[in-house]
Amino acid sequence: MSSAVKISLVLCAAIYFSIGIFGYLLFGDSIMPDILVNFDKSSGTSAISSMLNVVVRLSYAFHLMLVFPLLNFSLRANLDELVFPKKPFLATDTKRFVCLSLVLLAFSYVAAIFIPSIWYIFQFMGTTTGVCIAFIFPGAIALRDVHGISSRKDKIIAVIMIVQAVVTSFVTIATNIYNMSGNRP
Numbered sequence: 463m464s465s466a467v468k469i470s471l472v473l474c475a476a477i478y479f480s481i482g483i484f485g486y487l488l489f490g491d492s493i494m495p496d497i498l499v500n501f502d503k504s505s506g507t508s509a510i511s512s513m514l515n516v517v518v519r520l521s522y523a524f525h526l527m528l529v530f531p532l533l534n535f536s537l538r539a540n541l542d543e544l545v546f547p548k549k550p551f552l553a554t555d556t557k558r559f560v561c562l563s564l565v566l567l568a569f570s571y572v573a574a575i576f577i578p579s580i581w582y583i584f585q586f587m588g589t590t591t592g593v594c595i596a597f598i599f600p601g602a603i604a605l606r607d608v609h610g611i612s613s614r615k616d617k618i619i620a621v622i623m624i625v626q627a628v629v630t631s632f633v634t635i636a637t638n639i640y641n642m643s644g645n646r647p
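So the sequence shown is residues 463 to 647, counted in this note's numbering.
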């Protein structure tokens, strides 16, 4: 299993690197955040531009085929621990592994169909992970304080940080949902 993960990570990194470098060389400063937008129907009618369009889209599909199992592996393992904490290791139970994999795959497909743009997912991920990394995790570490280093003042500041982070996260998620529903401020 570890060799498959290593090979997939190396291939994904190589694809990311080559798409980034060649995309920048091809489009320069006019490159869009989603490089596939640069390869639309108006990007040229020559055989080379059509072939390049197909190659880029196929390499992106190949990349997704490599990265999806990696992301799904960790999600499946964490979800299994959350839902079935007393059950044996997931790899030993084929039925549970297949059922959990199918549920996650079905959820991914339904989300891909009903969510109009990947940018909404990036907004939700950015708001939650940014707040967690910057405020919630440091505050939680100060509150846990297994070595007794934090003072009472530090713990009060940590609680304030966590409360502010939760409020900020709630506001940004609500704003994202509001914007996603078609309403613009």
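Think of the CB as a built atom: it goes at the ideal place given N, C-alpha and C, for glycine as much as any other residue. Owing to the predicted nature of the structure, the values given are computational and were not obtained by experimental measurement.
Rounded C-alpha distance that separates residue i from residue j
i: isoleucine 469; j: histidine 525; result: 12 Å
i: leucine 562; j: arginine 538; result: 7 Å
i: isoleucine 624; j: serine 613; result: 17 Å
i: leucine 532; j: asparagine 500; result: 28 Å
i: isoleucine 603; j: threonine 591; result: 16 Å
i: phenylalanine 551; j: aspartate 496; result: 39 Å
i: serine 512; j: cysteine 594; result: 43 Å
i: tryptophan 581; j: alanine 476; result: 23 Å
i: serine 631; j: alanine 596; result: 12 Å
i: tyrosine 478; j: glycine 485; result: 10 Å
i: phenylalanine 584; j: tyrosine 571; result: 17 Å
i: methionine 642; j: isoleucine 575; result: 15 Å
i: serine 579; j: isoleucine 618; result: 40 Å
i: leucine 544; j: alanine 553; result: 15 Å
i: phenylalanine 535; j: serine 521; result: 22 Å
i: phenylalanine 569; j: leucine 498; result: 24 Å
Range of the contiguous alpha helix (DSSP H) that encloses residue i
i: leucine 567; result: 556 to 576
i: lysine 617; result: 614 to 642
i: phenylalanine 584; result: 580 to 593
i: leucine 605; result: 599 to 606
Spatial neighbours of residue i in its chain, beta-carbon cut-off 7 Å, leaving aside the 5 residues before and after
i: isoleucine 635; result: Phe586, Thr589
i: cysteine 474; result: His525, Leu528, Val529
Same chain, Cβ closer than 6 Å to residue i, neighbours up to 5 away in sequence not counted
i: leucine 567; result: none
i: glycine 601; result: Ala620, Met623, Ile624
Contact set for residue i: own chain, Cβ-Cβ below 8 Å, skip 5 residues either direction
i: serine 598; result: Reading off the sequence shown, one finds isoleucine at residue 598, where the question assumed serine. Result list for isoleucine 598: Met623, Ile624, Ala627, Val628, in chain order.
i: leucine 541; result: Leu562, Leu566
Inside the stretch 483 to 546 only - alpha helix (DSSP H) runs reaching at least 4 residues: 497 to 500, 509 to 545
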